[in-house]
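Heads up: the structure comes next, in structure tokens.
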DNA sequence: ATGCATTGTCCATGGGTGTGCACAGTGAAA
DNA sequence: TTTCACTGTGCACACCCATGGACAATGCAT
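Chains as they are written, first to last, in this note's numbering: chain B, 1 to 311; chain X, 312 to 622.
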């Protein structure tokens, strides 16, 4: 950085011309006169041109100085305007927001949140990237990710959205075919639809009670939404995250009344660890923290299918 | 100068975006990576906005960063262009040049110099301020003054143009009326036209000889050109600077053949003492140093009156 | 997998720079 | 004239900041 010339000196120069004197400029910028003097001198030095002819009392801007001043003033005005725009956008959400989420969440929680978000912040263009793979946030320019399970991305910070609660669900018709009411141990003998390969025994809780449940999956699917559809059709009982089951409305219910499956983790947000998080990100998280619990409690109106075009 | 934000950081930011990485930017600006990193961090701090999301390997410009970058890049381009224009104008004369000179010189030497100057540097607009008063150079935005006699302006530098030589001139007709050839002592008995109030005895020289001449002015005028006209008309003999007499062409000649008046000082330029004198000023002085001696030696063509409109 | 090169950041240190003071020069007021 | 307020600048010093080395993290090549 040997002889890169000091842009701040340009600011000083412009202020001098605007103020009409070094001292006035110094006052308006709240810096000592001597600094102003030296900055101007160094600018003239690095330009190799006299900008301001000065006696102790009078000032007059050189021909070169006048030309330079006109350009600089305009340029600095643009720069200041840019700064103002940015700091304005800092507080109130606007522009672009890119989100990624795994398919399960993208089909369930996410549409509700987005629906509320775009309603509240119409100026923001939202882009959603639905993928189960681990998206490289900074590499793909993603502002915010929603992930399930433990997070181990370095340089990122997380924030818990919800506890990942789940249960074994079944349709009313299916339950009528069984000898209700079922108990946890009965689940090992019903038609059970398992998830993916990582479907071992799980725990069910009721108050302080906790029992381990072994199941014999007659069917294994690696997609919760497909499982949900099967459960709705009465194919069998299936372990489902509550937020997935919820999208089926009242057509399916917990198979074992009064019990629920033990939580297996959290759903959380993940975004770049920065001193100054994006206003868009913060706003989106705020909306999500407000909307999702309502949705899970069933207090959220469930519109028909207008969010399907976002998937 | 508490929290005035660092414009140089903006330059660094722009270079980072252009280069695609902090390290690349550091290399291209020849400053250590650590400085680049800190500059960027401080810019984000003072803006209160994250501009660049960065992992150790990948970079991605924030929404806010993109908007800011576009404006800044344009603005800095303008600034750089301004700098280029100014430093270009440094070497080759252009723009505006304001000169002041006393009337005597403005009517004699100056037109010839200006004529040559505008012919050589057509891009420069020349403005001439003819006045015998002491013009405040910086106060009135004058780039260059021509003065006769000692200079005692502080903060200014001078450069000698010519030795202020003079002589006693008379017309051919007048000399015929006298009993030529005249000797220096004869001057006390001719009709002598004196200058202003400061017209005491003067010295005349011939080789190593020097004699003091006392005159009895029958007529005193405080304007050399008027004196010259009177001499041309044959009213008497008059002490005239050579450069004034020269404008009368061959119609007047030294009254005492072989002798001349002793020099009484210099004509010099006066301009602001600055590290970086204006290219215009330098060019003008160069032209003057070249043209004036030619004129005084009579080798310069004397056009009719086309320089009159410059007075 | 495992080096290897490269990236961005943290940290102690020295050089550069902004600061306060003093001073010459100037204009307005008395 | 003399005084006075104020201008812009030279100078010595303290302090901040750029510096370079070290380090964790990461992608590429083998």
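Built from N, CA and C at the ideal position, the CB exists for glycine as well.
Might you give, ordered along the chain, the residues of its own chain that have their beta carbon closer than 8 angstroms to the beta carbon of residue i, omitting 5 neighbours on each side?
i	result
residue 499 of chain X	524, 525, 526 and 527
residue 110 of chain B	99, 101, 128, 146 and 310
residue 429 of chain X	435 and 437
residue 61 of chain B	17, 51, 52, 53 and 69
residue 276 of chain B	90
Going along the chain, which residues of its own chain have a beta-carbon closer than 6 angstroms to the beta-carbon of residue i, five neighbours each way excluded?
i	result
residue 65 of chain B	51 and 52
residue 529 of chain X	502
residue 129 of chain B	100
residue 485 of chain X	545
residue 222 of chain B	196
residue 423 of chain X	602 and 606
residue 483 of chain X	none
residue 25 of chain B	15, 16, 19 and 36
residue 93 of chain B	121, 124, 279, 280 and 283
residue 316 of chain X	357
residue 505 of chain X	528 and 531
residue 567 of chain X	493 and 495
residue 322 of chain X	none
residue 334 of chain X	344
residue 265 of chain B	149 and 164
Going by DSSP, what residue range makes up the alpha helix (DSSP H) through residue i?
i	result
residue 402 of chain X	374-402
residue 541 of chain X	535-544
residue 137 of chain B	137-140
Buried or exposed for residue i, going by 16 or more other Cβ atoms inside 10 Å?
i	result
residue 409 of chain X	buried
residue 355 of chain X	buried
residue 454 of chain X	buried
residue 560 of chain X	exposed
residue 331 of chain X	exposed
residue 512 of chain X	exposed
residue 496 of chain X	exposed
residue 367 of chain X	exposed
residue 547 of chain X	buried
residue 132 of chain B	exposed
residue 238 of chain B	buried
residue 208 of chain B	exposed
residue 81 of chain B	exposed
residue 274 of chain B	buried
residue 557 of chain X	buried
residue 63 of chain B	buried
residue 210 of chain B	exposed
residue 107 of chain B	buried
residue 615 of chain X	Low per-residue confidence applies at residue 615 of chain X: pLDDT is 41, beneath 50, and the placement is therefore not dependable enough to give any value.
residue 617 of chain X	Since pLDDT at residue 617 of chain X reaches only 39, below the 50 mark, its modelled position is unreliable, and the value read off the structure follows with that caveat. Under this definition residue 617 of chain X is an exposed residue.
residue 298 of chain B	exposed
residue 28 of chain B	exposed
If you drop the 5 nearest sequence neighbours on each side, which residues of the same chain put their C-beta closer than 7 angstroms to that of residue i?
i	result
residue 579 of chain X	458, 462, 469, 470, 471 and 472
residue 232 of chain B	171, 248, 251 and 252
residue 538 of chain X	504, 506, 532, 549 and 551
residue 360 of chain X	375
How far does the beta strand (DSSP E) with residue i in it reach, from first residue to last?
i	result
residue 423 of chain X	Per DSSP, residue 423 of chain X belongs to no beta strand (DSSP E); it is in the alpha helix (DSSP H), 420-431.
residue 95 of chain B	95-101
residue 50 of chain B	Looking at the DSSP string, residue 50 of chain B is not in any beta strand (DSSP E), and its letter there is neither H nor E.
residue 147 of chain B	144-148
residue 436 of chain X	435-441
So is the beta-carbon of residue i under 7 angstroms away from any non-hydrogen atom of the ligand NAP?
i	result
residue 135 of chain B	As for the ligand NAP, it is missing from this structure, which has no ligand bound.
Margin query: Just to confirm the assignment: which complete beta strand (DSSP E) runs, minimum length 3, are found wholly within the stretch 462-530 of chain X?
Written below: You should have 467-474, 477-482, 503-506, 513-517 and 520-524.
Next item on the list: May I ask you to list, following chain order, the residues of the stretch 42-55 of chain B that have a beta carbon less than 7 angstroms from some beta carbon of chain X?
Entry: 44, 45, 47, 48, 49, 50, 53, 54 and 55
Note to self: Beta carbons nearer than 9 angstroms to chain X: which residues of the stretch 126-139 of chain B have them?
What the structure shows: Listed in sequence order: 136, 137, 138 and 139.
Next item on the list: Check distances from the C-beta atoms of the stretch 263-278 of chain B to those of chain X and list, in chain order, the residues that come in under 8 angstroms.
Entry: 272, 274, 275, 276, 277 and 278
Notebook entry, point to check: Can you list, in chain order, the stretches of the alpha helix (DSSP H) that have 4 or more residues and sit fully within the stretch 242-304 of chain B?
Noted result: 242-245 and 279-296
Notebook entry, point to check: When you check each C-beta in the stretch 391-417 of chain X against every C-beta of chain B, which residues fall closer than 8 angstroms?
Noted result: 392, 393, 394, 396, 397, 398, 400, 401, 406, 407 and 408
Margin query: Please give me, in chain order, every unbroken run of the alpha helix (DSSP H) with length at least 4 that falls completely inside the stretch 5-30 of chain B.
Written below: 7-19 and 22-29
Check: What residues in the stretch 319-336 of chain X bring their beta carbon closer than 8 angstroms to a beta carbon of chain B?
Finding: 319, 321 and 322
Item checked: Residues from the stretch 595-608 of chain X in contact with chain B, defined by Cβ distance under 7 angstroms -> none
Margin query: Residues of the stretch 420-437 of chain X in Cβ contact with chain B at a cutoff of 7 angstroms, in chain order, please.
Written below: Answer set for the stretch 420-437 of chain X: empty.
Notebook entry, point to check: Between the stretch 178-196 of chain B and chain X, which residues of the former have CB atoms less than 8 angstroms from a CB of the latter, in chain order?
Noted result: none
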